[in-house]
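S.K.: Have a look at this one before I ask anything.
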Amino acid sequence: MSFTLHGLSVSDGIAIGNALLMSHATLEVSHLTVGPRMVEKEIARFDQAVAAVRQELAAIREATESAPAELSAFIDIHAMFLEDPELIEKPRDIIRTRRCNAEWALVQQMEQLVGQFEAFDDPYLRERKYDVRQVVERVIKELLGHPGRAVMKAGKGLKEEMLIVVAHDLSPADVISFKEHRFASFITDVGGATSHTAILARSLAIPAVVGLAHARALIRDGETLIVDGLRGVVIVDPDERVLEEYRLRKNQIELEASKLKRLKDARSQTIDGIDVNLYANIELPVDIPEALEGGAEGVGLFRTEFLFLDRGDMPDEQEQFEAYKKVVKGMGGRPVTIRTFDLGNDKDLHPDADFHDRVKTNPALGRRAIRLSLAEPQMFQTQLRAILRASRFGPVKLLIPMLAHAHEIDQTLSALEQAKASLASEKIAFDERIEVGGMIEIPAAALAIGLFLRRLDFLSIGTNDLIQYALAIDRSDEQVASLYDPLHPAVLMLLAHTITSAEKAGVPVSVCGEMAGDPKLTRLFLGMGLRTFSMHPSQILKVKNRVLKADVSELAPAVRRMLRLEEPGKLQEALEKLNA
Ligand code: PEP
Ligand code: MG
132 MSFTLHGLSV SDGIAIGNAL LMSHATLEVS HLTVGPRMVE KEIARFDQAV
182 AAVRQELAAI REATESAPAE LSAFIDIHAM FLEDPELIEK PRDIIRTRRC
232 NAEWALVQQM EQLVGQFEAF DDPYLRERKY DVRQVVERVI KELLGHPGRA
282 VMKAGKGLKE EMLIVVAHDL SPADVISFKE HRFASFITDV GGATSHTAIL
332 ARSLAIPAVV GLAHARALIR DGETLIVDGL RGVVIVDPDE RVLEEYRLRK
382 NQIELEASKL KRLKDARSQT IDGIDVNLYA NIELPVDIPE ALEGGAEGVG
432 LFRTEFLFLD RGDMPDEQEQ FEAYKKVVKG MGGRPVTIRT FDLGNDKDLH
482 PDADFHDRVK TNPALGRRAI RLSLAEPQMF QTQLRAILRA SRFGPVKLLI
532 PMLAHAHEID QTLSALEQAK ASLASEKIAF DERIEVGGMI EIPAAALAIG
582 LFLRRLDFLS IGTNDLIQYA LAIDRSDEQV ASLYDPLHPA VLMLLAHTIT
632 SAEKAGVPVS VCGEMAGDPK LTRLFLGMGL RTFSMHPSQI LKVKNRVLKA
682 DVSELAPAVR RMLRLEEPGK LQEALEKLNA
């Protein structure tokens, strides 16, 4: 039976494929990389889980003394497997050598053993594969007592490009692991449109819909789905007529995308000759090829915390340096803006993260981003040194997230001086004149902009958080998603005030929140005076297309008039007129 689910669009485009349900159930485990310093901890976690299951089996055995012999034999076999080095020693080796999380190491070894049992001619021995699975399931259940992440079901013969992942929720770490796959799309029950999961969905450039409420419960594995990322709609088990219509629309979208590709090398300039910089937001070095393909003139925001999210330890200075250097070199002389860690519980820290317990509950308002960096001076020095070292390989700028206070900037600048001095004393080269910019994403910063203009070399407006804090809307909560309004007059006032003030002070300003990548808002921003946009690579050519057709001399007065409006209906109307 066909039915439709409505959610929030986070990444447009259309996908047609088969549902792949993800869950937290036993053998469907997440694949995480364990940092070198966490390996022993992960092995200990594995050993503890095995010991707990041994105890559990012994207790069952005791309780079933008088039970039928078959049942006792069954328990004995499980207990025996739990003594077998193939199942107990091998996963430890896998954790150590391949740096897998315990669950994943165990499942890999289990698959190996199951394969061996399947090869037996003897039907009795062949059947033992079920025992192996069951015993492994017990250990994994024990391991998952420490919360597991969303997990992937085994492949089912379908190509990844045909699969639409259906999950209750996905953590940013899960989505990062998607970068190794090529799914057609993903949909979730929870999540807001600018949650970090949604942002990553955009960076994967696959259609996605979040906040569907009951998708996981209503959709069955393998069912045909249409994901309409533009409208935020999922059609389950569509009939042939609907499928045909969507196939046509999908082709059309693909055709438009291939036409846009021709703009890649076009100079990004308005009709009246104003140059506009279009930069890419990236999360990992692997995003570079897509940024270049999209015609990015540089990286406007490198969210470095994603180097860390799917593991429990901090990358050390050398590892960070390598990652930053890769990006700087990969961008071949184009500017790269590296943001220091924007870490905190809003990004779903790994439960084993070094400072997990020191980050308190309210994630968005808590010890996050620069607050955490300043509270962890050693971690901050490590990152600053790594960024400075990378600055020798191309133009690098340093960007500080979540600033609200002048003293935070002052402390950051002195931390930077300290990092510079330590490198200089070790005779390590770096760019001594590295520019330092601040994210304007707390309304207080936008309102007291003078504090920032006087201290910093450039500004970057983070609209995702700016809207969240201005409207008191949790950006990751789908229940209030309808109130998350980028066109709220207060948001527009904060944006216009920041852009105009920076322009007057001669301080470069960009927008790097999701609003920058929305082509419907390009003309509005140009009219406000914005000349630098940073967005997901997939959006750059769409925005460039708008830039090429814009005439700022006409837009500026129209936007000034628009900014005097307050009524939502009137603002919407004015935006439509601006885009007509
Ligand atoms: C923002 O807040 O707009 C931003 C770009 O940063 P993040 O989405 O990583 O919080
Ligand atoms: Mg932010």
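According to this note's numbering, the sequence shown is numbered sequentially starting from 132. For glycine and all other residues, C-beta sits at the position ideal for the given N, C-alpha and C. All of these numbers come straight from a predicted model, not from anything done at the bench.
Anyone know if the C-beta pair for Leu432 and Ile419 falls short of 9 angstroms?
M.R.: No, these two residues do not count as a Cβ contact at 9 angstroms.
S.K.: Quick one: grab the DSSP three-state call for Ser389.
M.R.: Residue state, collapsed to three classes: helix.
S.K.: Kindly identify the DSSP beta-bridge partner or partners of Lys701.
M.R.: BP columns for Lys701 are empty, so no partner.
S.K.: Could you check which residue in Phe583, Leu618, Ala579, Pro574 has the C-alpha nearest to that of Leu597?
M.R.: Per the Cα distances, Pro574.
S.K.: Any idea if Glu85 is buried or exposed, counting beta-carbon neighbours within 10 angstroms, 16 or more meaning buried?
M.R.: Since the first and last residues shown for the chain are 132 and 711, residue 85 lies out of range.
S.K.: Sorted by chain position, which residues of the same chain lie with C-beta nearer than 6 angstroms to Ala204's C-beta, five sequence neighbours on each side aside?
M.R.: Correct list: empty, nothing qualifies.
S.K.: In the structure shown, what three-state DSSP assignment does Arg380 receive?
M.R.: Of the three classes helix, strand and coil, the one that applies to Arg380 here is helix, per DSSP.
S.K.: Could you check what DSSP says for Thr471 in three-state terms: helix, strand or coil?
M.R.: If DSSP states are grouped into helix, strand and coil, Thr471 belongs with coil.
S.K.: Using 8 angstroms as the cut-off, can you tell me whether the stretch 671 to 680 makes contact with the stretch 389 to 407, which would need three or more C-beta pairs spanning the two stretches below that distance?
M.R.: At 8 angstroms Cβ cutoff, the stretches touch.
S.K.: I believe Met624 touches Gly593 by the beta-carbon criterion, under 8 angstroms. Please report the beta-carbon distance rounded to the nearest angstrom.
M.R.: That belief does not hold up - the Cβ atoms of Met624 and Gly593 are roughly 16 angstroms apart, past 8 angstroms.
S.K.: Buried or exposed: where does Tyr255 fall if 16 or more other Cβ atoms within 10 Å of its Cβ makes it buried?
M.R.: Exposed, because fewer than 16 other Cβ atoms sit within 10 Å of the Cβ of Tyr255.
S.K.: Pick out whichever of Ile226, Ile295, Ile174, Glu217 has its Cα sitting closest to the Cα of Ala713.
M.R.: Residue 713 is absent from the model: the chain starts at 132 and stops at 711.
S.K.: Would you list the residues whose beta-carbon is nearer than 5 angstroms to any heavy atom of ligand 2, in the order they occur in the chain?
M.R.: This selection yields Glu572, Gly593, Asp596.
S.K.: Residues in its own chain within less than 7 angstroms of Phe251 by CB, not counting five upstream and five downstream?
M.R.: Excluding positions up to five away in sequence, the list reads Arg257.
S.K.: What number of angstroms, rounded off, separates the C-alpha of Val245 from the C-alpha of Arg192?
M.R.: Straight-line Cα distance between these residues: approximately 25 angstroms.
S.K.: By alpha-carbon positions, which one of Gln179, Ile206, Ala517, Arg434 ends up nearest to Leu188?
M.R.: Leu188 has its Cα closest to that of Ile206, out of Gln179, Ile206, Ala517, Arg434.
S.K.: Ordered along the chain, which non-local residues of its own chain (more than five positions away) have a Cβ less than 8 angstroms from that of Val238?
M.R.: Answer for Val238: Leu158, Val160, Val267, Ile271, listed in chain order.
S.K.: To the nearest angstrom, report how far apart Arg692 and Gly138 are at their CA atoms.
M.R.: Distance between the alpha carbons of Arg692 and Gly138: 34 angstroms.
S.K.: Confirm the yes/no value for this check: CB of His299, any heavy atom of ligand 1, distance under 8 angstroms.
M.R.: His299: no, Cβ never under 8 angstroms from ligand 1.
S.K.: Exposed or buried, what is Glu375 when buried is set at 16 or more other beta-carbons lying within 10 Å of its beta-carbon?
M.R.: Glu375 is exposed by the Cβ-count criterion.
S.K.: Using the rule of at least 16 other Cβ atoms within 10 Å of the residue's Cβ for burial, across every protein chain shown, is Arg261 buried or exposed?
M.R.: The sequence as given places Tyr at residue 261; Arg does not occur at that position. Exposed.
S.K.: Check whether the stretch 618 to 632 and the stretch 556 to 567 touch, using three or more Cβ-Cβ pairs below 8 angstroms as the test.
M.R.: As far as the Cβ criterion goes, the stretch 618 to 632 does not touch the stretch 556 to 567, which means the pair count is below three.
S.K.: Is the stretch 650 to 660 touching the stretch 362 to 370 in the sense that three or more CB pairs, one from each, lie closer than 8 angstroms?
M.R.: At 8 angstroms Cβ cutoff, the stretches do not touch.
S.K.: State yes or no: is the C-beta of Thr663 within less than 9 angstroms of the C-beta of Val407?
M.R.: Going by C-beta atoms, Thr663 is nearer than 9 angstroms to Val407.
S.K.: So for Gly279, helix, strand or coil by DSSP?
M.R.: Bear in mind that the predicted position of Gly279 carries a pLDDT of just 35, short of 50, making it unreliable; the figure below should be weighed with that in mind. Correct three-state label for Gly279: coil.
S.K.: Leaving out five residues before and five after Gln512 in sequence, what residues of the same chain have Cβ atoms less than 8 angstroms from its Cβ?
M.R.: Taken in chain order, the residues that qualify are Ala546, Gln549, Ala550, Ser553.
S.K.: Say the cut is 8 angstroms; is the CB of Arg434 nearer than that to a heavy atom of ligand 1?
M.R.: Within the cutoff, so yes.
S.K.: Flag Pro574 as yes when its Cβ comes closer than 8 angstroms to any non-hydrogen atom of ligand 1, and as no otherwise.
M.R.: Flag unset: Cβ of Pro574 not near ligand 1.
S.K.: Taking the straight line between their C-alpha atoms, what separation do you get for Asp224 and Leu213?
M.R.: Each residue's alpha carbon lies about 16 angstroms from the other.
S.K.: For Asp406, which of helix, strand or coil comes out of DSSP?
M.R.: Strand at Asp406.
S.K.: Grouping DSSP H, G and I as helix and E and B as strand, with all else coil, what is Arg230?
M.R.: It is coil, neither helix nor strand.
S.K.: Is it buried or exposed, Met666, if we count other Cβ atoms within 10 angstroms and call 16 or more buried?
M.R.: Buried, since its Cβ has 16 or more Cβ neighbours within 10 Å.
S.K.: Would you verify that the beta carbon of Pro650 is, or is not, closer than 9 angstroms to some beta carbon of chain C?
M.R.: Checking the listed chains, one finds no chain C in this structure; it contains a single protein chain.
S.K.: Please state whether DSSP places Gly569 in a helix, a strand or coil.
M.R.: Residue state, collapsed to three classes: strand.
S.K.: For Gln451, is the classification buried or exposed, using 16 other Cβ atoms within 10 angstroms of its Cβ as the cut-off for buried?
M.R.: Buried, since its Cβ has 16 or more Cβ neighbours within 10 Å.
S.K.: Where DSSP assigns a beta bridge to Asp447, which residues make up the other side?
M.R.: None, per the DSSP bridge assignment.
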